[in-house]
Amino acid sequence: MKNCVILIPALNPNEKLCEYVRLLSEERFLSILIIDDGSEHTCQRIFDRCSSYYNVKVIRHSENKGKGRALKNAFAYILDDEQMSKANGVITADADGQHKLNDVMTIYQSLSKDQSKLVLGVRSFDSENVPLSNKTGNTITRHVFRLLYGKRISDTQTGLRGIAMDSLHHFTDLEGERYSYETNMLIAAVRQNLTIEECPIETVYINENESSHFNPFKDSAEIYWVLFKNFFKFMGVSLTSFLLDITLFQLFMLILGFTFARRRILISTILARAGSSLFNYCMNRSVVFKSKRKWKKTIIGYYSLALTEAVISGLSVYLLFQLTGFRAVFLKAGVDLVFFLVNYRIQKFVVFKD
1 MKNCVILIPA LNPNEKLCEY VRLLSEERFL SILIIDDGSE HTCQRIFDRC SSYYNVKVIR
61 HSENKGKGRA LKNAFAYILD DEQMSKANGV ITADADGQHK LNDVMTIYQS LSKDQSKLVL
121 GVRSFDSENV PLSNKTGNTI TRHVFRLLYG KRISDTQTGL RGIAMDSLHH FTDLEGERYS
181 YETNMLIAAV RQNLTIEECP IETVYINENE SSHFNPFKDS AEIYWVLFKN FFKFMGVSLT
241 SFLLDITLFQ LFMLILGFTF ARRRILISTI LARAGSSLFN YCMNRSVVFK SKRKWKKTII
301 GYYSLALTEA VISGLSVYLL FQLTGFRAVF LKAGVDLVFF LVNYRIQKFV VFKD
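Using UniProt numbering, the letters of the sequence shown correspond one by one to residues 1 to 354.
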């Protein structure tokens, strides 16, 4: 008996699913759980035949809810089941035959070695049989993920994944009802500092992947929204902080109108920056990065970063001005843009990291 649960979400599968499930069943896994995600009634005979094999159970959604919802419901079901919850882990596989039995066994062997990790079956996108859209989409997503989350993942869209049982609870309440959920799984794994292990698998695309239910426009938009959502929040908070800084500066200039101009400008600048930076810190901590670290630790890190960035930015602008002779305002804009991206990653992975 292999102490692992195989999970297969399925929507309108063909007869090949039966043969695939039969092969898996012969390997004597603890359980094979199939989620019928609102398939047409004509597919019922396929699910009935699958359920006749050893240790196979079929759960049906009355209507199509999406791959993400199917996975989440299945994870919750497994954790609540007395027998399945004792497994070493769960392996998710697609129902269209793209994941070969040998590759499933590779994931199982890796998963059984130790706990607290996510194992990814990664494909090679250099093969001639890979559709251009899949190759392009994975390349872009892979680089964006590394830029925003600091983790290199070769195949961000793979459906063959092994999840250690003691890590499964991290993935039950994530956002995403369709394919964007699988991207959220990777983000959650990085945030929870789980070990992410990659295992090369065979690259299989059947008839240009025509059986896939992936919507190139809708699902791609949802995936990139998941990837960039946090960064957009960071941008929004930064813009709001800038507007607040200008507003407070103008307000203090009016209040201190009775003082000398130099003193009035200096005091107004300091007070406005103090107010806007405190607002920026609070919003980044609670809304953008949702950090649970104690505020004393994060506020020291935040203002240390701000001070260091201000000094390095000023020196960089000065040196570039000496070297190029370009207008300082343009040089500052370019330098600050680079620091804005660096600032995001440092705040995410150092200052507000749980």
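Ideal placement from N, C-alpha and C gives every residue a C-beta, glycine not left out.
Bear in mind the structure is a predicted one, so any value in this text is a computation, not a measurement.
Query, Result
"If you reduce the DSSP assignment to three classes, tell me which class Ser277 lands in.", "helix"
"Going by DSSP in three states, His88 sits in which element: helix, strand or coil?", "For the record, residue 88 in the displayed sequence is Asn; it is not His. It is coil, neither helix nor strand."
"Check whether the region 258 to 275 touches the region 231 to 250, taking contact to mean three or more Cβ pairs, one atom from each stretch, closer than 8 Å.", "yes"
"Contact criterion: CB-CB distance below 8 Å. Does Asp37 meet it with respect to chain B?", "Chain labels in this structure do not include chain B; a single protein chain is all it has."
"For Glu208 and Asp166, what's the separation of their Cα atoms in angstroms?", "The pLDDT assigned to Glu208 is 49, lower than 50, so where the model puts this residue is not dependable; a value taken from the coordinates is nonetheless given after this. Distance between the alpha carbons of Glu208 and Asp166: 37 Å."
"Looking at C-alpha atoms only, which residue of Gln83, Ile34, Glu82 and Ser124 is the closest neighbour of Asp96?", "Ile34"
"Who are the Cβ neighbours of Thr298 in its own chain at under 7 Å, not counting the five residues just before and after it?", "Arg285, Ser291, Val351 and Phe352"
"So the beta strand (DSSP E) Gly162 belongs to, where does it begin and stop?", "Arg161 to Ala164"
"Measure the C-alpha to C-alpha separation of Gly314 and His169 and round it to an integer number of angstroms.", "46 Å"
"Count the other C-beta atoms from every protein chain shown that fall within 10 angstroms of the C-beta of Leu266, then say buried if there are 16 or more, exposed otherwise.", "exposed"
"I'd like to check one pair, Arg123 with Thr156: are the Cβ atoms closer than 8 Å?", "no"
"Could you tell me whether the Cβ atoms of Arg178 and Gly66 are closer together than 8 Å?", "yes"
"Out of Phe232, Gly176, Asn102 and Leu147, point me to the one whose CA is closest to Ala70's CA.", "Gly176"
"Nearest-angstrom Cα distance between Cys18 and Ile46?", "7 Å"
"According to DSSP, what are the bridge partners of Lys2?", "Phe29"
"Can you give me the Cβ contacts of Phe231 inside the same chain, cut-off strictly under 8 Å, excluding the 5 residues immediately before and after it?", "Leu148 and Tyr344"
"Indicate the three-state DSSP secondary structure (helix, strand or coil) for Ala310 in the structure shown.", "helix"
"Do you know offhand how far Ser39's Cα is from Val58's?", "12 Å"
"Tell me the rounded alpha-carbon separation between Glu198 and Gly121.", "6 Å"
"If you draw a straight line from the C-alpha of Leu24 to the C-alpha of Ser51, how long is it?", "12 Å"
"Only counting runs of 4 or more residues, tell me where the alpha helix (DSSP H) segments fall wholly within the UniProt domain \"GtrA/DPMS transmembrane\" (233 to 352), in order along the chain.", "261 to 283, 295 to 324 and 328 to 346"
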